[in-house]
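Residue numbers (the working numbering), protein chains in the order written: chain A, 1 to 110; chain B, 111 to 1012. Only one structure is covered here, and it is reproduced in the block below.
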């Protein structure tokens, strides 16, 4: 069910979003497209999940938002990492790496 | 981001909701545009591109709903939105709103009134007192030989020693109640409750006088005291028109000159809830004001005037410390004066806070508790009824809002969101209902202000934060339980719409059915109770009490208050009879020591001559003047009444003539003639028995009212009966008020300082006896009526909705040939089944509950079947009436239209 998949994503979505805007500020659609690209179409995030996550992260002070023009001349809200966001991302990345490494070891060993 | 920033953000969130919404709108629109552009670039048609873009957002509105929840303050915000929505809905459907709010208001009113009453009785300090937290009630509890409580009285000398060096209390003032007459020139004398108090009584209470001052210490010091008086605000207004002008004026207290020095604030009515104190005198004036021979109690140590005290705790002293210190000081007093103060060796010192009720001895709480219990029971029943009814109404309305709910749910509102909206509806209705109920209570409380509940005190219904909080919380709680719990309970089955919004749901239906059954059952038992009491009152009114109470004015009089001895009192009475009897308004007038239903009758023991003292029987005795029987139109069966000379004959140690009542004659002499026979009054063993000659036999009366038995009475000449308070009775040919006025004038013309008081007519006395039953039956009757009304509305809703639900079924049945009659019966059957169950449960409930009013019944048992049957019949009739309208509507539809509409 759709609900279940969303639940699975829920915890990691914040992490993925932070990771995606690490290099440059992106707007909502940009983030969605970027994730689609790097996962080669495996992860198509629904707007209904993405925007709440963005607002939540902004609220927590991990993302900063700014209205800017896009390349095509549209006004859009661009999200970028704040200092706190960077710190959080570093922590999360480390945690993630440790966890996936552990799991990979378990998978390899059994 | 620091917490400060967050907090700022949160606040700005709440106030900048519009901006948030605007930005979100724009952002989402941008998202859609970009997505659509991308699609078009891959070759999709513009409309296709737009549609898939929307899909990728997962629904614009759902997305917004989710996003909103993220915001800090979103919860608050949506609460406000829910409330706004609820208000709009209520305004769009005012009849529902009014019905629901009124139902809750009527349901909470008794609760509010009860809470107010209990508040006044148990929690609120006496009005007019400042710093009530520091006030304590003090008694010196001792017991007599038989173990009965017999409090030690504290003399002025002991009090002075006790207070010397006492640190825990900054003041301890004795007070003692009684009654006295008060008069000013040119106005009839009044009989009022009076308090003798120590000089610092008002200082201890922290009272700010409306005019004048407190008593001064020297006014309560000199033997005999200083004749000064402090008046209550109301009394001062009655006497002088203007309380500010009262200080310095002279009044006659018990016929003696006193000077007014102060007036208490209007709200102060003394510390005892069951007395309306209107006059305060220094304790040292007590013997003087009461015309008792100068008892030098002010010089004595062993015994005193006061047994109740009000004290004020010193700052930072608690009850235990004060008690400990007082106990030590009391024991020291006992050691210093072992003979006079021996009772202080063992006295237990009572120090307690007594807010509200009473700072005096005795315990009127019991009676009030009974009254409060009655109100509470009625209140709880009514609140349950109201809640059940609102629950029913909500279910009914829920059915109508089914479509709206389905729409909101399809638009992405979560189940929790819908439930929240529903709970908001319920809370809002309950809150408004509770507020209206409070207003009602406040208003009615104002109307009832100052009414005296017999033996319980003044009815006060103060509404303060305690009562308001309790009532509002109570109404919301009940609303949530009855309106919300079914919704929660039923929605646990899953699905996006709530069961409360699906009236067809079987669980919801069961809940509604049981609510209706409950309403019917409660209404029935209230109805049974009210009917039993109404029958009782009717029976009582019909009872022959032996005399005709109509047109008889009455008054109590007690010249001894004003210093009259027995001989002078008799002269006064005789003069009163002569003067009042001479006025045209009075047809006949008498003075007696007792009067049926007005004043208590004293008892004596009588026997036949030569019989053993042990065989004497206790009978009521009444000292009367010659016209007593004439005034009451009480026939003398044989013999005669007393002559005026006999009635006023000076007391000697002989009995003189007596008149016996019919039942006493039968008791003593059987069927033989009673005239000229001898009755012996057995007195205490030390005194010789008195032989009395019977000169007449009077018809029986029920002295204690219609509910009482015929009473054996021994009538004696007034002058030979111990003279206490007497009652003057005057029969008039016109309204008793004329005779009352004539009595008053006559008394004032003899001595203007002697007041006439008490009940002004015999009918008033009878009404007073019935008052308890009348109050209970009208409360029950009113509640039963409301209950029936609510049950009828609830049932109407239930049946109407069933009809809506079964419209298709009925249409099909009619289409294949069912007549309107069978449709009507199908609808009515449902209502009647519920009514049957309700009546069954109700009868069982009534049988249990009516036991509680058994003692109040007369001429009917609490199980009288015809009462139950007629109550059940009435209920059934109302059920049929309530369900008839929707049933008839069902038969009037056009089956073709209905089926086509589907």
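Glycine included, every Cβ here is placed at the ideal spot set by N, Cα and C. Computed from a predicted structure; not experimentally measured.
- Membership of residue 975 of chain B in the alpha helix (DSSP H) is indicated by the continuous run 975-1002.
- Pairing residue 881 of chain B with residue 909 of chain B gives a Cβ-Cβ distance that is not under 7 Å.
- Assigned with DSSP and collapsed to three states, residue 256 of chain B falls in coil, not helix or strand.
- Following the DSSP letters along the chain, one finds residue 422 of chain B inside the beta strand (DSSP E) bounded by residues 418-423.
- Closer than 7 Å at the C-beta level to chain B, one finds these residues of the region 38-63 of chain A: 46, 47, 48, 51, 52, 55, 56, 59, 61.
- Inclusion of residue 289 of chain B and residue 299 of chain B in the CB contact set at 7 Å is not warranted, their separation being larger than that value.
- Restricting attention to alpha helix (DSSP H) runs no shorter than 4 residues, the region 249-312 of chain B encloses them at 266-273, ordered along the chain.
- Under the DSSP definition of a beta bridge, residue 825 of chain B partners with B/732, B/769.
- Rounded to whole angstroms, residue 162 of chain B and residue 921 of chain B show a C-alpha spacing of 45 Å.
- Per DSSP, the beta-bridge partners of residue 712 of chain B are B/731.
- In this structure, residue 862 of chain B sits away from residue 803 of chain B, with a CB-CB distance that is not shorter than 7 Å.
- In terms of Cβ geometry, residue 812 of chain B and residue 969 of chain B do not form a close pair [threshold 7 Å].
- Linking residue 725 of chain B to residue 717 of chain B through their CA atoms gives a straight-line distance of about 7 Å.
- Annotation for residue 85 of chain A: the continuous alpha helix (DSSP H) segment containing it runs 83-109.
- The region 385-394 of chain B and the region 307-314 of chain B touch, with three or more beta-carbon pairs separated by less than 8 Å.
- The beta carbon of residue 137 of chain B falls within 7 Å of a beta carbon belonging to chain A, placing the residue at that interface.
- Restricting attention to B/584, B/818, B/826, the CA atom closest to the CA of residue 800 of chain B is found in B/826.
- Our two residues, residue 687 of chain B and residue 965 of chain B, have alpha carbons roughly 41 Å apart in a direct line.
- Cβ neighbours of residue 947 of chain B within its own chain (closer than 7 Å, five residues either side excluded): 627.
- The region 890-899 of chain B and the region 673-685 of chain B do not touch, with fewer than 3 CB-CB distances between them shorter than 8 Å.
- The closest CA to that of residue 224 of chain B, considering only B/584, B/868, B/241, B/167, is found on B/584.
- Residue 831 of chain B sits in coil when the DSSP states are folded into three classes, being neither helix nor strand.
- Distance from the CA of residue 782 of chain B to the CA of residue 756 of chain B, rounded to the nearest whole angstrom, comes to 26 Å.
- Per DSSP, the continuous alpha helix (DSSP H) segment holding residue 51 of chain A begins and ends at 47-59.
- Using a CB distance below 9 Å, the part of the region 67-79 of chain A facing chain B consists of 67, 70, 72, 74, 75, 76, 77, ordered along the chain.
- The beta carbon of residue 85 of chain A does not come within 7 Å of any beta carbon belonging to chain B, so the residue lies off that interface.
- In the three-state DSSP reduction, residue 457 of chain B falls in the coil class, being neither helix nor strand.
- Residue environment analysis places residue 847 of chain B among the exposed positions, since fewer than 16 neighbouring C-beta atoms fall within 10 angstroms of its C-beta.
- Residue 961 of chain B sits in a helix when the DSSP states are folded into three classes.
- Of the candidates B/776, B/829, B/956, B/797, the residue whose Cα lies closest to the Cα of residue 808 of chain B is B/776.
- Annotation for residue 785 of chain B: 748, 749, 804, 805, 806, 807 place their beta carbon closer than 8 Å to its own, counting only its chain and skipping 5 residues before and after.
- At least 7 Å separates the beta-carbon of residue 379 of chain B from that of residue 370 of chain B.
- Of the other Cβ atoms in all chains shown, 16 or more fall within 10 Å of the Cβ of residue 707 of chain B; this residue is therefore buried.
- Boundaries around residue 836 of chain B are those of the beta strand (DSSP E), 836-841, since no alpha helix (DSSP H) includes it.
- For residue 688 of chain B, there is no enclosing beta strand (DSSP E); the enclosing alpha helix (DSSP H) covers residues 676-691.
- In the structure shown, residue 398 of chain B adopts helical secondary structure according to DSSP, grouped into three states.
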